[in-house]
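Residues -21 to -1, 1 to 615 (mature numbering (1 follows the signal peptide of the UniProt record, and there is no 0)) are what the sequence shown spells out, left to right. All remarks here apply to the structure that follows.
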Amino acid sequence: MIKKTTLLLTLCFACTQFATAQTYFYDDFSSGNLNDWTLTDSDGDGNNWYNADLDDGVQEEHATSASWIPTQPAGEILFPDNWMVSPAIDLTSASGNVFLEWKAYGQDQDWANENYSVYVATASDIATLGASATTFSEVVGASAGYVDRSLDVSAHTGQVIYVAFRHHNVSDQFRLNIDDVRVTSDPTPTDSFLKSIDLNKYSLISVDNQLAVNVKNIGANPISSLEINWNDGTTDHISTVNTSIAVNEVATVNHPMMVNYATAVEKNINVTITKINGITNPSPAVNSRITTFNTLSQSGTKAVLIEESTGTWCGWCPRGTVGLEYMATTYSNTVVAIAVHNGDPMTVSEYDTALVNVIGAGWPNSGVDRKLVGVDPGQASLQGAFDTQITEVVPMDLTASASQIGNNLTISAQANFYTSFSSADFRLGVIITEDGVTGTTSDYGQTNYYSGGGEGPMGGYESLPNPVPASQMVYDHVGRALLGGFNGQAGSVPAVINAGDTASYDFNYAIPATSNQDNMHIVVVLIDQTDGTIVSAVQSSVTQALSVEEVSGIDSVKIYPNPAKDLINVAFDASNGDYKITVTDMLGRTVINKSYEGLFGNQNIELPVAQLNAGHYIMNINDGNASYSTKFIVNK
């Protein structure tokens, strides 16, 4: 049996403090990450628990840990000793019988003998947890679905506890999935779990923003109404909303009071479900969440990062190649495309491993802004993900410039912010990509299941053999290096940011002798460390990054407004000559080329830019003897 590459992961906890029947802790992993948990890879193989949202036909999001991964050519056997430790769970007000409940499942039912243990202790270190007397162990084995498990933790009432899931003493199966972790006393007739808050993270001033809550009914009765309060640190916004949520179902409920501020502000929005069906909520700790909200003086330029998992061994990967190229070509200024290779000569192991831990295994596969994960990299799916992400308002603009000595690049990555943060957690990172990559050995040939047309048209691959020989293959958008690491460079962005501040960090990169500098690109990303997602990205060719700061010969140049929308004014002093104004995009392609003859004295030239896509551009003014280059931004 071939082990399935379909994965799933979700986990999330919550906590309450009442002596009556209630939920003290709940996590269904719908948050999309395991940020609330402490993860330890005790075996040191680089594989750990992670959150996945891949359809196994049973659950949605869950937490998962592997004992085998489908790398090429025949997969890799793992010997996991992976720990996942909960945040603190407060049982100081609990009494009577209290239970820890969860669901477990072996991802591939033909390889489902996953061994794991559960520990409960009053300390969070794995040594104390591993020595706990309150424990549970099993080999989950094949089952008709997720199995329900329970552990009596009544001995810990009156204490603050931690729960650990340990995947260990197993190898060569596939994946252990854990879901729906709950610490509870007797089930309550009416109870809810506030799964998440839907609210734009950034907004322009004086714009209405809808706040919505995603609520799961974890009680025994249907929910017909919710009293919801959002508070910004100053004012309560309380409203009762009629709804209909059946037992175990999830619903999205809109709060009728919009979030809107007339000035640029930073707010912590605390959302609480205070009543259910007119009755005070019995489990307040799992029904309160905080999200941040910032209004901006202006919006930065948004570009969408698409990272595609691919490999020359993967027969379905031509679909990702075609989809990625379509997006990169169609949205050249608003899509940054990166092909992250696995199991072939173009593999960057750090990048490959880290991306799989975010988007899940499976080739081809993709992540969009590391926010939408497990996205099929075909054209239609990528288009849909792009349409979702491109509308985001972003709080900064990114730029890249570079200098070079020999083959050594010094890359300056900058973020110019349009709002303030009192406790920011951002990092700058740089990704190097290369187009036109070729090779002569057979492992540069592309396995091609679309050959012959039996699987339908696929961008010309249906007319190519299987495999496509290396002599016929050219690979674009190849991820070559991570500067600052997959999660960005620590310390590259300060914690306190004022509107108008610029964060800058210099990265160093030695261009390999085997690479073609003219085909290489610099991708600057800003990564939000609170959830690991990409805020925005900007791409420039190495050539453009090297020339962007060049200034010589032509004096008193001013371009405005910057950012521009329809027109940009170019003002300078001309000295009785012919001038050429050229605008190129960040891939070096000429998008405007204008010539002006016999200019003399003060000039103010209006240059139409409405036809350009939103993004960054380089303007060059040249009189045949001297030139001036600068960067400007088009916003839509």
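From the three backbone atoms N, C-alpha and C, an ideal C-beta is built for every residue, glycine too.
Item	Value
Residues in its own chain within less than 6 Å of A482 by CB, not counting five upstream and five downstream?	A394, V472
In terms of residue numbering, what span does the beta strand (DSSP E) encompassing P356 cover?	First-last for P356: undefined, no H or E at that position.
From A241 to D510, what distance separates their C-alpha atoms?	28 Å
Answer yes or no: do S164 and A73 have a C-beta to C-beta separation smaller than 8 Å?	yes
Of the choices G458, I390, M437, whose alpha-carbon is the least far from that of E413?	G458
With the cut-off set at 8 Å, would you say N210 and E245 are in Cβ contact?	no
I'd like to check one pair, W342 with G418: are the Cβ atoms closer than 8 Å?	no
According to DSSP, is M306 part of a helix, a strand, or is it coil?	helix
Taking the straight line between their C-alpha atoms, what separation do you get for A593 and V517?	11 Å
Alpha carbons only, please: which of S262, I252, A359, G339 is nearest the one belonging to Y305?	A359
Short check: CB of V373 to CB of I390, under 8 Å?	no
Measuring from the CB of V160, is there a heavy atom of the ligand HEM at a distance below 7 Å?	With respect to small molecules bound, the structure shown includes none, and the ligand HEM cannot be examined in it.
By the DSSP assignment, the beta strand (DSSP E) with T107 in it spans what residues?	Here T107 belongs to no beta strand (DSSP E); instead the alpha helix (DSSP H) covers 105 to 109.
What residues in its chain sit with their C-beta under 6 Å from that of Y440, if we drop five residues either side in the sequence?	P297, N427, Y429
Could you please give the first and the last residue of the uninterrupted alpha helix (DSSP H) stretch that includes L334?	328 to 338
Determine the direct distance from the alpha carbon of Q496 to that of A42, and round the result to whole angstroms.	42 Å
Is it buried or exposed, N604, if we count other Cβ atoms within 10 angstroms and call 16 or more buried?	exposed
Per the DSSP calculation, E117 is bridged to which residue(s)?	Y95
For M63, list the residues DSSP reports as bridge partners.	L18, F144
Could you give the DSSP three-state label for R298: helix, strand or coil?	helix
Does Y596 pass the burial test, meaning 16 or more other C-beta atoms within 10 Å, or should it be called exposed?	buried
Can you say whether I547 is buried or exposed, counting buried as having 16 or more other CB atoms within 10 angstroms of its CB?	buried
Extract the residue ranges of the beta strand (DSSP E) inside the segment 196 to 224, only unbroken runs of 3 or more that lie entirely within it.	202 to 210, 215 to 224
Give the straight-line distance between the Cα atoms of T522 and G580, rounded to the nearest whole angstrom.	32 Å
If you follow the beta strand (DSSP E) that A482 is part of, which residue opens it and which one closes it?	481 to 489
Less than 8 Å between C-beta atoms, sequence neighbours within five positions excluded: which residues of the same chain meet that for T169?	G198, A199, N200, I202, I255, N256, I258, P261
May I ask which residues mark the beginning and end of the beta strand (DSSP E) holding I506?	499 to 507
If distances are taken between C-alpha atoms only, which option among E434, V97, N614, E40 comes closest to I369?	N614
Going by DSSP, what residue range makes up the beta strand (DSSP E) through M452?	First-last for M452: undefined, no H or E at that position.
Helix, strand or coil for L(-13) per DSSP?	Note that L(-13) scores a pLDDT of 28, beneath 50, so its modelled location is shaky; the value from the coordinates is reported in the next line. Here L(-13) sits in coil by DSSP.
How many whole angstroms separate the CB atoms of F193 and K174, which I take to be in contact at a CB cut-off of 8 Å?	This sequence places Asn at residue 193; Phe is not what is there. About 4 Å; that satisfies the 8 Å criterion.
Do F400 and Q508 have their CB atoms nearer than 8 Å?	no
Can N601 and K537 be called in contact, C-beta distance under 8 Å?	no
Return helix, strand or coil for Y84, following the three-state DSSP convention.	strand
At least one CB of chain B closer than 8 Å to the CB of N445: is that the case?	No chain B appears in the structure shown, which is made up of a single protein chain.
Taking all protein chains shown into account, decide if K610 is buried (16 or more other Cβ within 10 angstroms of its Cβ) or exposed.	buried
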